[in-house]
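K.L.:
Structure incoming, see below.
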Amino acid sequence: AQSVSQHNHHVILSEAASLELGCNYSYGGTVNLFWYVQYPGQHLQLLLKYFSGDPLVKGIKGFEAEFIKSKFSFNLRKPSVQWSDTAEYFCAVSPPNDYKLSFGAGTTVTVRA
Amino acid sequence: DGGITQSPKYLFRKEGQNVTLSCEQNLNHDAMYWYRQDPGQGLRLIYYSQIVNDFQKGDIAEGYSVSREKKESFPLTVTSAQKNPTAFYLCASSSSGLYGYTFGSGTRLTVV
Numbered sequence: 001a002q003s004v005s006q007h008n009h010h011v012i013l014s015e016a017a018s019l020e021l022g023c024n025y026s027y028g029g030t031v032n033l034f035w036y037v038q039y040p041g042q043h044l045q046l047l048l049k050y051f052s053g054d055p056l057v058k059g060i061k062g063f064e065a066e067f068i069k070s071k072f073s074f075n076l077r078k079p080s081v082q083w084s085d086t087a088e089y090f091c092a093v094s095p096p097n098d099y100k101l102s103f104g105a106g107t108t109v110t111v112r113a
Numbered sequence: 001d002g003g004i005t006q007s008p009k010y011l012f013r014k015e016g017q018n019v020t021l022s023c024e025q026n027l028n029h030d031a032m033y034w035y036r037q038d039p040g041q042g043l044r045l046i047y048y049s050q051i052v053n054d055f056q057k058g059d060i061a062e063g064y065s066v067s068r069e070k071k072e073s074f075p076l077t078v079t080s081a082q083k084n085p086t087a088f089y090l091c092a093s094s095s096s097g098l099y100g101y102t103f104g105s106g107t108r109l110t111v112v
């Protein structure tokens with residue numbers, strides 16, 4: 001099973017600050033990459049995904065992520081966070097044609113008003 | 001609306017008892033999954049099924065069992081052999097890896 005590492009366990013920042021969450025994976029081949037978000041009391045939702053093409057991927061709610069193949073990374077960014085971005089964020093990875101996702105441990109993001 | 005329904009939302013079990021968590025989807029997805037979510041550990045795969053009447057163990061299958069008799073349903077049984085069953089359990093489904101998963105709202109199991 002491949003490993004997915006999220007470097008920050010808990011991030012606290014103020015509204016309008018920029019956010020970057022790190023994600024690295026240990027898998028040598030071509031992968032599909034995902035970021036999920038879990039708002040308090042809600043389902044896990046897909047933020048964005050990458051499987052080929054432009055390595056800069058835009059998702060919902062102003063989030064984007066950049067795939068850097070040489071660094072085995074898929075970092076999530078948002079230029080200016082809002083209080084409503086308070087949530088837990090999970091990076092996930094799967095090889096092509098494999099339905100299974102491996103998830104990172106998650107990063108809790110707290111945005112202070 | 002299409003989606004995944006997990007029931008119950010909260011479940012309490014006495015030590016030594018088996019308990020079954022329900023997961024139903026009306027998305028016509030072929031694949032279904034069970035994950036366990038613990039604080040600081042993310043989601044860990046318990047079992048998955050890519051087709052009816054077939055399923056495979058995930059990373060932490062010990063103490064759990066599943067069945068897939070219908071495309072729509074993938075119940076998970078937490079047996080008395082599971083040493084630390086108190087957790088949040090998430091069911092998911094997918095039509096293919098390219099689109100990611102759709103998740104249910106989860107069942108929080110507490111062993112008392």
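Which chain is which? The protein sequence lines are A and B, in order. Its first residue numbered 1, the first sequence is counted upward by one per residue in the numbering used here. Its first residue numbered 1, the second sequence is counted upward by one per residue in the numbering used here. C-beta atoms are modelled at their ideal positions from N, C-alpha and C, and glycine is treated no differently.
(1) Using a cut-off of 9 Å between C-beta atoms, extract the partners of A:F63 located in chain B.
(2) From what residue to what residue does the beta strand (DSSP E) around B:I120 run?
(3) Which two residues bound the contiguous beta strand (DSSP E) that contains B:R68?
(4) Buried or exposed: where does A:W35 fall if 16 or more other Cβ atoms within 10 Å of its Cβ makes it buried?
(5) Against B:S105, what residues of chain A qualify as contacts under a CB-to-CB distance less than 7 Å, listed in chain order?
(6) Around the Cβ of A:D85, are there at least 16 other Cβ atoms within 10 angstroms (buried) or fewer (exposed)?
(7) Specify the secondary structure class of A:Y89 as computed by DSSP and reduced to three states.
(8) My output table needs one value for A:S84: the three-state DSSP class, helix, strand or coil.
(9) Could you name the residues of the same chain whose beta carbon sits closer than 6 Å to that of A:F74, not counting the 5 residues immediately before and after it, in chain order?
(10) Kindly confirm or deny that the stretch 85 to 103 of chain B and the stretch 90 to 110 of chain A touch, where touching means at least three C-beta pairs closer than 8 Å.
(11) Go to A:Y25, then tell me how far its beta strand (DSSP E) extends in each direction, as first and last residue.
(12) For B:G106, count neighbouring C-beta atoms within 10 Å of its own C-beta (all shown protein chains included) and say buried if the count is 16 or more, exposed if not.
(13) Hey, could you find the ends of the beta strand (DSSP E) B:A26 is sitting in?
(14) Quick check: is the beta carbon of B:Y48 nearer than 8 Å to any beta carbon in chain A?
P.N.:
Answer, in terms of the structure:
(1) Ordered by position in chain B, no residue passes the 9 Å Cβ test against A:F63, which lies about 14 Å from the chain.
(2) Any question about residue 120 of chain B goes unanswered here, given that chain B covers just 1 to 112.
(3) Premise fails: B:R68 is in no beta strand (DSSP E) and is neither H nor E.
(4) buried
(5) Going along chain A in sequence order, the residues near B:S105 (Cβ under 7 Å) are H43.
(6) buried
(7) strand
(8) helix
(9) Excluding the 5 residues flanking it on each side, A:F74 has same chain C-beta neighbours closer than 6 Å at C23, L33, A65 and F67, in chain order.
(10) These segments touch.
(11) C23 to S26
(12) B:G106 counts as buried, since at least 16 other C-beta atoms from the protein chains shown sit within 10 angstroms of its C-beta.
(13) A quick correction: the sequence has Asn, not Ala, at residue 26 of chain B. Looking at the DSSP string, B:N26 is not in any beta strand (DSSP E), and its letter there is neither H nor E.
(14) For B:Y48, the answer is yes, since a Cβ of chain A falls inside 8 Å of its Cβ.
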